[in-house]
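Let me begin by presenting the structure, written as structure tokens, before commenting on it.
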Amino acid sequence: DYTLTLSNGARHAVDGNCAAVALVKAAELGGFDYNISVGDLGLSLDNISGKGYSQNGDSNGVYWNQYHNGQMSAVGLGAELSDGDYYTFYYTAYGDHNNATDIINIKVHLVPDEAEVLFDGVVILKSEDYTLKLQDGSTKTVAGNLAAVALDKASKVAGFEYNITDSTSGLYVPDIDGQGWDATTGAYWNTYHNGEYDMVGVSAVLSDGDFYTFYYCNGDISTATGVINILVNVVPENTGGQGVSLPIIKP
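The numbering of the sequence shown is the working numbering, which starts it at 245 and goes up by one.
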């Protein structure tokens with residue numbers, strides 16, 4: 245369960261994988277305000293960034309239309325979301341999302357209840373060279389937009405440790421937070437790039453807006469006991485910043 249703070253200050257428990265929680269997490273990431281209330285029909289979205297229902301002077305007022313995987317949501321903020329779902333808010337007249345003046349588009353990432361989330365948030369990458377410290381104490385200069393750099397920056401924000409090696413096959417992460425290959429369970433750190441299993445691993449080149457996720461499991465991510473979820477923000481060279489960690493959505 246997840247506890248929402250309503251517009252009147254009251255607390256209200258909801259399922260952790262509903263659209264209301266996705267909006268809360270997006271607001272934390274995007275830095276915008278919102279207000280939610282509860283009525284006879286359930287959760288109601290009063291406004292986002294001060295914008296609520298507004299009459300245009302004709303019969304079609306504008307408000308926050310809600311779409312679940314491209315279809316208008318009949319249940320609004322109470323919609324149950326699954327891993328990989330998209331949930332979108334369009335500020336426009338009813339059904340007229342092509343002419344929306346404001347849009348919030350959320351891609352949902354769910355993890356098992358028992359998973360320890362080491363990091364979930366934004367990491368800032370730059371195209372300039374970056375120096376990694378390898379497990380043997382040596383260093384390696386790599387492009388600044390590699391998954392390995394995203395992991396390194398996430399570790400600095402969240403405070404977890406990891407090891408990385410280099411070979412003819414590329415960069416490899418033998419362990420994170422003390423957890424590596426487990427011969428008994430078959431668990432290791434599986435890597436996913438934008439929701440797809442990544443064969444390249446931490447040598448993967450990332451682009452602005454990409455997600456890169458590490459799951460500690462035996463290949464079945466629904467049983468993962470550890471998760472690192474990184475949203476990549478690529479910025480020009482000579483721009484400051486490391487990243488910010490946010491809580492992940494759990495069912």
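The beta carbon of each residue, even a glycine, is placed where N, CA and C say it ideally should be. If you're wondering where the values come from, they're calculated on a predicted model, not measured in any experiment.
As assigned by DSSP and simplified to three states, the class of residue 440: strand
C-alpha gap between residue 262 and residue 411, whole angstroms: 44 Å
Straight-line gap, residue 425 to residue 445 (C-alpha atoms, nearest Å): 15 Å
Alpha-carbon spacing of residue 343 relative to residue 478, whole angstroms: 29 Å
8 Å contact criterion, which residue 345 and residue 309 should meet: CB distance rounded: Not quite, the Cβ-Cβ distance comes to about 12 Å (not below 8 Å), so this is no contact.
Ranges of the beta strand (DSSP E) found wholly within the segment 322-404, counting only runs of at least 3: 330-337, 346-351, 360-370, 373-377 and 383-387
Any 3 or more C-beta pairs closer than 8 Å across the segment 458-470 and the segment 429-443: yes
Neighbourhood of residue 196 by C-beta, 7 Å cutoff - its chain only, sequence neighbours within 5 removed: This structure leaves residue 196 out entirely; the chain is present only between 245 and 495.
Nearest neighbour of residue 395, chosen from 447, 314, 351 and 326 [CA to CA]: 447
Continuous alpha helix (DSSP H) stretch holding residue 274: start and end: 263-274
Residue 284, buried or exposed, once every other Cβ within 10 Å from all chains shown has been counted against 16: exposed
Of the residues 282, 307 and 339, the one placed nearest residue 253, counting alpha carbons only: 282
Own chain, CB closer than 6 Å to residue 290, minus 5 neighbours either side, in chain order: 251, 279, 281 and 296
Whether residue 473 touches residue 361 by CB criterion (9 Å): yes
Nearest residue (CA-CA) to residue 359, options 470, 480 and 417: 470
Residues of its chain near residue 339, where Cβ-Cβ distance is below 6 Å and the 5 sequence neighbours each way are ignored: none
Opening and closing residue of the beta strand (DSSP E) in which residue 250 lies: No beta strand (DSSP E) holds residue 250; DSSP gives it neither H nor E.
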